[in-house]
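In this note's numbering, the protein residues as written are 129 to 389. In this text, a Cβ means the ideal position worked out from N, Cα and C, and glycines have one as well. Let me begin by presenting the structure, written as structure tokens, before commenting on it.
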């Protein structure tokens with residue numbers, strides 16, 4: 129069986145690319161190293177506020193979204209890529225805007241599936257990284273961020289449901305961010321679906337251990353839907369989103385150019 133946790137090895141050119149852009153020299157890395165010069169921290173706070181406003185203005189009119197999370201490392205020949213493309217298509221056919229992290233792999237596949245549907249919207253919230261994270265070519269609109277936490281806010285803020293395809297650290301970070309917000313009541317009880325029973329099986333066993341140890345409640349685990357069939361996964365989140373929240377496109381608001389809309 130192939131090692132699906134590491135679908136492709138890191139190449140020498142990628143290592144060189146990382147070496148050319150050492151993380152410790154970035155302003156974000158310096159910002160996260162503890163107390164800094166007050167003027168530096170004030171400037172970083174202003175930049176973060178600017179990123180937030182930029183994201184709010186660019187995404188104000190995208191309509192009700194479903195966000196698809198997943199690895200950047202699967203190419204179009206991989207089963208997971210093909211599944212994500214079908215998920216994107218089904219979501220678009222259901223009337224949702226398909227939102228992803230905007231990069232390659234699963235993200236590209238979901239955006240590509242949306243573009244298979246005439247008139248559908250495909251959105252990407254990209255992150256600036258030394259490698260992997262270049263915007264894919266199937267986006268109607270993409271916004272780019274420096275900070276992961278600002279990007280995650282945008283991926284969550286505009287979505288009615290979340291579909292999580294196989295992925296690594298970034299995907300797990302996004303999944304548990306959503307589950308924590310739902311568990312603590314910071315966001316409404318939006319549907320969350322995992323794609324790939326075999327892939328997620330060890331993680332589900334760990335969550336069952338959490339339930340047994342009473343570090344989470346059984347209802348927290350019950351919030352997760354797990355399936356292999358893209359059509360069934362989309363049907364599940366669509367049914368819940370429509371019954372519980374409706375496709376709320378909101379009031380028609382006139383765009384204002386001076387706000388960057």
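{"Asked": "Can you say whether residue 346 is buried or exposed, counting buried as having 16 or more other CB atoms within 10 angstroms of its CB?", "Found": "exposed"}
{"Asked": "Which stretch, first to last residue, makes up the beta strand (DSSP E) that contains residue 250?", "Found": "250-255"}
{"Asked": "Do you know how far the Cα of residue 198 is from the Cα of residue 301?", "Found": "11 Å"}
{"Asked": "Can you list, in chain order, the residues of its chain with a C-beta nearer than 6 Å to that of residue 370? Leave out the 5 residues immediately preceding and following it.", "Found": "none"}
{"Asked": "Hey, could you find the ends of the alpha helix (DSSP H) residue 304 is sitting in?", "Found": "297-311"}
{"Asked": "Can you pull the DSSP bridge partners for residue 272?", "Found": "254"}
{"Asked": "Taking the alpha-carbon positions, what's the residue 171 to residue 181 distance?", "Found": "15 Å"}
{"Asked": "Whole angstroms are fine: how far does the CA of residue 271 sit from the CA of residue 278?", "Found": "11 Å"}
{"Asked": "Since residue 231 and residue 254 are thought to touch, with beta carbons under 8 Å apart, how far apart are those beta carbons, to the nearest angstrom?", "Found": "6 Å"}
{"Asked": "Rounded to the nearest angstrom, what separates residue 289 and residue 174 at their Cα positions?", "Found": "31 Å"}
{"Asked": "Cβ of residue 201 within 8 Å of Cβ of residue 162?", "Found": "no"}
{"Asked": "Enumerate in chain order the residues of its own chain whose CB-to-CB distance from residue 336 is below 8 Å, with the five nearest sequence positions on each side excluded.", "Found": "349"}
{"Asked": "Is there contact here, the segment 182-198 with the segment 233-249, by at least three beta-carbon pairs under 8 Å?", "Found": "yes"}
{"Asked": "Quick check on the burial criterion: 16 or more other C-beta atoms within 10 angstroms. Buried or exposed for residue 179?", "Found": "buried"}
{"Asked": "Taking all protein chains shown into account, decide if residue 267 is buried (16 or more other Cβ within 10 angstroms of its Cβ) or exposed.", "Found": "buried"}
{"Asked": "Let's see if you can read the secondary structure: which residues bound the alpha helix (DSSP H) around residue 234?", "Found": "234-243"}
{"Asked": "Roughly how many angstroms lie between the CA atoms of residue 324 and residue 168, to the nearest whole one?", "Found": "45 Å"}
{"Asked": "Does DSSP put residue 194 in a helix, in a strand, or in coil?", "Found": "strand"}
{"Asked": "Near residue 372, what residues of its chain come up, given a Cβ to Cβ distance below 6 Å and the 5 sequence neighbours on each side ignored?", "Found": "none"}
{"Asked": "Residue 208 and residue 265: beta carbons closer than 8 Å?", "Found": "no"}
{"Asked": "By the 10 Å Cβ neighbour count, where 16 or more other Cβ atoms means buried, how is residue 212 classified, buried or exposed?", "Found": "buried"}
{"Asked": "What did DSSP end up calling residue 322 once you bin it into helix, strand or coil?", "Found": "strand"}
{"Asked": "Could you give the first and the last residue of the continuous beta strand (DSSP E) run that contains residue 208?", "Found": "Segment 207-221 is the alpha helix (DSSP H) holding residue 208; no beta strand (DSSP E) there."}
{"Asked": "Output yes or no for whether 8 Å exceeds the beta carbon distance between residue 219 and residue 242.", "Found": "yes"}
{"Asked": "Using 8 Å for Cβ pairs, my map puts residue 292 next to residue 299. What's the rounded Cβ distance?", "Found": "6 Å"}
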